[in-house]
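Residues in the sequence shown are numbered consecutively from 10, following the working numbering. Backbone N, C-alpha and C fix where the C-beta goes; we use that ideal spot for every residue, glycine too. Heads up: the structure comes next, in structure tokens.
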Amino acid sequence: MSGKRVLLAAEFLRGPATLTRILPLADALAGRGHDVSLAVPGGLVANIPTLDAPRWSVPPPPGYVALSYSDLLMHGGYAAPDALRGLMAGWQAVIDQAQPDLLIADFAPTAMLAARVAGVSLAAVGDGFSLPPLTAPFASMRPWDTISPDALGSLDGRVLAVVNAVLAAVKAGPMRALRDLFDGVPVFLCGFPELDHYPGRTEADWYGQVFAAGSTPAVDLDPGHPARAAVTEALSRIGSGNVVVCQGIEAVGPALLAGKPVLMLPIFLEQTMTLHRVTQQGLGRGLPPGADADAIEAAVRGLLDDDACRQRVANFARAYHGYQPAIAIDAVADEIDSLLSG
10 MSGKRVLLAA
20 EFLRGPATLT
30 RILPLADALA
40 GRGHDVSLAV
50 PGGLVANIPT
60 LDAPRWSVPP
70 PPGYVALSYS
80 DLLMHGGYAA
90 PDALRGLMAG
100 WQAVIDQAQP
110 DLLIADFAPT
120 AMLAARVAGV
130 SLAAVGDGFS
140 LPPLTAPFAS
150 MRPWDTISPD
160 ALGSLDGRVL
170 AVVNAVLAAV
180 KAGPMRALRD
190 LFDGVPVFLC
200 GFPELDHYPG
210 RTEADWYGQV
220 FAAGSTPAVD
230 LDPGHPARAA
240 VTEALSRIGS
250 GNVVVCQGIE
260 AVGPALLAGK
270 PVLMLPIFLE
280 QTMTLHRVTQ
290 QGLGRGLPPG
300 ADADAIEAAV
310 RGLLDDDACR
320 QRVANFARAY
330 HGYQPAIAID
340 AVADEIDSLL
350 SG
């Protein structure tokens with residue numbers, strides 16, 4: 010089989026998490042003989058041909074917390090046809106330049122729309138946050154709150170109207186529901202079902218979480234996290250490396266694989282969704298991001314003394330014994346290789 014042209018597209022970048030997933034996948038596909046390029050906001054990535062992806066640059070209002078995937082789209086350029094039309098034109102230019110046989114989208118919904126209009130084959134890769142369950146309407150991102158089905162349906166309807174207006178302008182057929190964006194698209198969920206951001210997802214194939222290789226640190230917080238100093242003080246009193254203090258999924262998976270419960274101090278919605286799943290299953294605890302050293306010390310000591318929690322974490326580690334991120338990357342690359350040879 011001769012190599013095919015593959016474009017890996019990212020639109021909604023989430024810190025280093027997206028590149029941590031798509032860069033090794035790009036390498037794996039190139040190693041299988043394919044001509045691989047990237048389209049990411051900001052452009053240049055070393056050693057891989059990279060195009061500058063279109064991005065929505067208007068920040069959401071202060072205090073905004075999304076209700077659903079549709080709500081994320083609404084605040085990411087899908088609130089009005091003119092805005093989405095500009096993003097679509099940008100992605101169409103990227104596709105025209107790359108001329109891919111297959112576009113692989115990692116949280117790149119507008120790239121998916123543009124590829125559909127252009128007749129380019131599609132696949133989607135991501136984790137539970139960027140690949141929502143394909144329900145109509147899209148499910149709530151805040152399962153701990155009571156969000157009415159009408160509110161979720163209204164969001165879907167508003168975004169769907171914008172999408173269909175843009176599709177009509179380019180003489181493309183309408184979508185019946187927003188989930189049709191993924192209709193017929195092979196989806197590769199890179200994560201563990203226990204840590205799915207959405208509880209209760211059904212009919213999903215999980216390939217395993219992709220994270221940066223290396224040892225599991227005792228603390229994994231952003232440099233500007235408001236609790237960094239308090240965490241340092243609390244851990245200096247305890248002197249234990251048997252609990253990982255973190256804020257997001259990037260550290261939770263490796264910690265649990267290492268048999269260590271987690272204390273999460275989330276800042277963003279995505280991180281709070283992960284905390285919800287962690288606490289649901291008794292794999293750790295959570296605190297507000299502004300927690301003081303006393304509260305953090307008490308929570309860590311509570312985890313160290315919680316035999317049931319430590320047993321559940323040990324069971325998680327045992328279930329995935331021997332797992333490495335390369336297993337997920339190779340499995341996804343093999344599946345995509347099969348798609349390209351079909």
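Anticipated Cβ contact below 8 angstroms, residue i with residue j, distance rounded
| i | j | result |
| --- | --- | --- |
| residue 225 | residue 263 | 5 angstroms |
| residue 79 | residue 147 | 5 angstroms |
| residue 32 | residue 50 | Incorrect: roughly 15 angstroms between the Cβ atoms, too far for contact. |
| residue 179 | residue 126 | 6 angstroms |
| residue 152 | residue 210 | About 12 angstroms; that fails the 8 angstroms criterion. |
| residue 318 | residue 291 | 5 angstroms |
| residue 280 | residue 248 | Not quite, the Cβ-Cβ distance comes to about 26 angstroms (not below 8 angstroms), so this is no contact. |
| residue 323 | residue 217 | Wrong, their Cβ atoms sit about 19 angstroms apart, outside the cutoff. |
| residue 69 | residue 84 | 4 angstroms |
Residue i - partner residues in DSSP beta bridges
| i | result |
| --- | --- |
| residue 197 | 134 |
| residue 60 | 48 |
| residue 255 | 229 and 273 |
| residue 295 | 273 |
| residue 14 | 44 |
| residue 215 | 198 |
| residue 149 | 77 |
| residue 9 | Summary: the structure shown does not reach residue 9, with the chain confined to residues 10 through 351, and so no result is reported for it. |
| residue 54 | 57 |
Sequence-distant residues of the same chain with beta carbon closer than 6 angstroms to residue i, five excluded per side
| i | result |
| --- | --- |
| residue 43 | 12, 13 and 15 |
| residue 86 | 65, 92, 93 and 96 |
| residue 135 | 115 and 116 |
| residue 221 | 29 |
| residue 206 | 137, 138 and 282 |
| residue 57 | 35 and 47 |
| residue 99 | 63 |
| residue 101 | 123 |
| residue 305 | 239, 240 and 243 |
| residue 103 | 48 and 60 |
Rounded straight-line distance, which links the Cα of residue j to that of residue i
| i | j | result |
| --- | --- | --- |
| residue 339 | residue 110 | 20 angstroms |
| residue 246 | residue 272 | 16 angstroms |
| residue 260 | residue 312 | 17 angstroms |
| residue 123 | residue 77 | 22 angstroms |
| residue 113 | residue 119 | 12 angstroms |
| residue 241 | residue 267 | 21 angstroms |
| residue 144 | residue 188 | 7 angstroms |
| residue 308 | residue 203 | 22 angstroms |
| residue 229 | residue 253 | 8 angstroms |
| residue 107 | residue 193 | 23 angstroms |
| residue 161 | residue 149 | 7 angstroms |
| residue 167 | residue 285 | 28 angstroms |
| residue 276 | residue 328 | 29 angstroms |
| residue 157 | residue 74 | 16 angstroms |
| residue 41 | residue 163 | 44 angstroms |
| residue 212 | residue 52 | 35 angstroms |
| residue 278 | residue 239 | 22 angstroms |
| residue 343 | residue 39 | 12 angstroms |
| residue 176 | residue 182 | 7 angstroms |
| residue 237 | residue 315 | 24 angstroms |
| residue 190 | residue 346 | 23 angstroms |
| residue 45 | residue 17 | 8 angstroms |
| residue 301 | residue 243 | 9 angstroms |
| residue 159 | residue 350 | 44 angstroms |
| residue 173 | residue 330 | 46 angstroms |
| residue 332 | residue 171 | 42 angstroms |
| residue 24 | residue 89 | 27 angstroms |
| residue 231 | residue 20 | 22 angstroms |
| residue 169 | residue 186 | 7 angstroms |
| residue 215 | residue 310 | 33 angstroms |
| residue 184 | residue 255 | 40 angstroms |
| residue 82 | residue 201 | 25 angstroms |
| residue 154 | residue 274 | 19 angstroms |
Close-in-space but distant-in-sequence residues of the same chain around residue i (CB under 7 angstroms, 5 per side omitted)
| i | result |
| --- | --- |
| residue 140 | 133, 196 and 198 |
| residue 356 | The structure shown has nothing for residue 356, since the chain only spans 10 to 351. |
| residue 325 | 203, 265 and 292 |
Contact set for residue i: own chain, Cβ-Cβ below 8 angstroms, skip 5 residues either direction
| i | result |
| --- | --- |
| residue 348 | 111, 130, 132 and 195 |
| residue 288 | 294 and 295 |
| residue 165 | 77, 79, 145, 146, 147, 186 and 187 |
| residue 335 | 33 |
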